[in-house]
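Heads up: the structure comes next, in structure tokens.
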Amino acid sequence: MKKSKNIIIITLATILLPCMVVKAQEAWVVPDAAKEEVSIFTFDEEFARAGEVIYNNACTSCHGDPTQGNFTPMAPPPGDVASEIFQNQPDGALFHKIAIGRGSMPGFGDALSTEEIWSLVAYIRSFNEDYKQPVPDLEGIEIPVLTLKLSFDDNVDKLVVKVFNDEGEGVPGASVSAFVKGLFGNMLLGKVQTNQLGISYFDVDYKLPGDSEGNIEMLVKASKGYGSIKKVQKLNITEPNVAESLIAGRNLWSTAKKTPIWLIAIFTISLISIWGAIAYVVLGLRKIKKLK
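All letters in the sequence shown, in the order written, are residues -24 to -1, 1 to 268 by mature numbering (1 follows the signal peptide of the UniProt record, and there is no 0).
In structure tokens form, the structure reads like this:
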């Protein structure tokens, strides 16, 4: 009886498994309207670098390193974004797939702004030397003009970002990302949407290192529909950072005049001991010579 059950299970698995694989490998059909979408953002080097940061954080685990073919083995396979399979697809198709997702591929439409998804597409295109970005037809499309105002509320340790339109009114529902600029990249503070007044808030650690005046350089990006803006501004957030000289104090790497006391003592004792031993040997040799 048990043997019969095993045979039935194996038979069903043999029949169903190929069906599941075929189902998983069905072509991903993208609506024609989505295929025709093109970016209003220029795919320059800076824009592609922003996409690279997102790719490394959200996509590398499945798609691997571009051009390396080290993507995760799955059904269907995620594929290498530098391969012809990706590069032969229209920009709009790539945008649609990133935003919507399918199966094991999550959709990022809610997690990323329109600009951020296009920056991912720009990064993917950076591996195609023959790629030429299509020029968008903006006829009939209204591109909102946005402005940003940044401030820091030291009562609650929050960065306050206000997004305005060209009429000076707050823009609700705008996607806002805030970063702390540093020597080795930008530290993300968060991604939020503005409230009904066009305001968004970000927590900032007041212990972050600033400059000699306590300023921290902030980078803020905001987008709403086809409109986008970014702003870099220094804000007085933390305590002044007084840089000390690396050779200040008595350290091993200081100048000769600031050599550590313990090192001077060891050197002096060692020198006296060595010369004392030499003197003792010389005196001993002289005594031996006199005895002869």
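No residue lacks a Cβ here, since even glycine has one placed at the ideal position from N, Cα and C.
Cutoff 7 angstroms; reference Pro42; Cβ partners in own chain excluding five residues on either side: Walking along the sequence shown from the start, residue 42 turns up at place 66. Counting only Cβ-Cβ distances below 7 angstroms, and skipping sequence neighbours, we find Asp56, Val57, Ala58 and Phe103.
Of the residues Ile93, Val218, Lys108 and Ser199, the one placed nearest Ile74, counting alpha carbons only: The residue given as residue 74 occupies position 98 in the sequence shown. Ranking the options by Cα distance to Ile74, first place goes to Ile93.
Where Lys265 falls, given that 16 or more other Cβ within 10 Å makes a residue buried: As a position in the sequence shown, residue 265 is number 289, starting the count at 1. With fewer than 16 Cβ atoms within 10 Å of its Cβ, Lys265 is classed as exposed.
Classification of Ala224 by the beta-carbon crowding that lies within 10 angstroms, buried from 16 upward: Your numbering for residue 224 matches position 248 in the sequence shown. Its Cβ having fewer than 16 others within 10 Å, Ala224 is exposed.
Candidates Leu173, Phe178 and Thr170, of which the one nearest Leu164 by Cα: Translated into the one-based positions of the sequence shown, residue 164 becomes position 188. Closest option to Leu164, Cα to Cα, is Phe178.
Alpha carbon of Gly201 to alpha carbon of Tyr31, nearest angstrom: For the purposes of this step, residue 201 is identified with residue 225 of the sequence shown, where counting begins at 1. For the purposes of this step, residue 31 is identified with residue 55 of the sequence shown, where counting begins at 1. Approximately 22 angstroms between the Cα atoms of the pair.
Three-way DSSP call (helix, strand, coil) for Gln1 in this model: On the sequence shown, position 25 is the one that residue 1 refers to. Low local confidence applies: a pLDDT of 48 at Gln1 is under 50, so the model's placement there is unreliable, with the coordinate-based value given in what follows. In the structure shown, Gln1 sits in coil (DSSP, three-state: anything other than H, G, I, E or B).
Member of Ile100, Arg101, Phe155 and Asp86 whose CA lies at the smallest distance from the CA of Gly149: For the purposes of this step, residue 149 is taken as residue 173 along the sequence shown, with counting starting at 1. Considering only alpha carbons, the answer is Asp86.
Gly203 beta carbon less than 8 angstroms from that of Gly174: Against the sequence shown, residue 174 aligns to sequence position 198. Against the sequence shown, residue 203 aligns to sequence position 227. Not closer than 8 angstroms, so no.
Three-state secondary structure (DSSP) of Glu115: In the sequence shown, residue 115 corresponds to position 139, counting from 1. Correct three-state label for Glu115: coil.
Ala3 beta carbon near the ligand MN (any heavy atom closer than 7 angstroms): Among the ligands in the structure shown, none appear at all, so the ligand MN cannot be discussed.
Alpha-carbon to alpha-carbon, Lys206 and Ile16: Locating residue 16 in the sequence shown gives position 40, where the first residue counts as 1. Locating residue 206 in the sequence shown gives position 230, where the first residue counts as 1. C-alpha separation (whole angstroms): 15 angstroms.
Cβ shell of Asn212 (< 6 angstroms), same chain only, five flanking positions each side left out: Residue mapping note: residue 212 aligns to position 236 of the sequence shown, counting from 1. If we look at Asn212 and ignore the five residues flanking it on each side, its Cβ neighbours are Gly190 and Asn191.
Local conformation of Ala198 per DSSP, three classes: Counted from its first residue, the sequence shown places residue 198 at position 222. Here Ala198 sits in strand by DSSP.
Those runs of the beta strand (DSSP E) which lie wholly inside the stretch 44 to 77 and span at least 3 residues: none
Residue burial classification, Leu261 (beta-carbon count within 10 angstroms, cutoff 16): Against the sequence shown, residue 261 aligns to sequence position 285. Exposed: under 16 other Cβ atoms inside 10 Å.
Gly161 versus Lys233 - alpha carbon distance: For the purposes of this step, residue 161 is taken as residue 185 along the sequence shown, with counting starting at 1. For the purposes of this step, residue 233 is taken as residue 257 along the sequence shown, with counting starting at 1. If you take the alpha carbons of Gly161 and Lys233, they lie about 39 angstroms apart.
Beta carbon of Cys35 nearer than 8 angstroms to that of Thr48: Locating residue 35 in the sequence shown gives position 59, where the first residue counts as 1. Locating residue 48 in the sequence shown gives position 72, where the first residue counts as 1. Contact flag unset, no.
The stretch 137 to 144 touching the stretch 110 to 127, judged by at least three CB pairs closer than 8 angstroms: yes
Residues bridged to Tyr256 (per DSSP): Position 280 of the sequence shown holds residue 256. Answer by DSSP bridge pairing: none, since Tyr256 is not bridged.
Residues that DSSP places opposite Glu193 in a beta bridge: Within the sequence shown, the letter at position 217 stands for residue 193. Paired residues: Lys210.
Pick from Val97, Ser151, Pro54 and Val257 that is closest to Ala198, judged by C-alpha positions: Taking the first residue of the sequence shown as 1, we reach residue 198 at position 222. Of the listed residues, the one whose Cα sits closest to Ala198 is Ser151.
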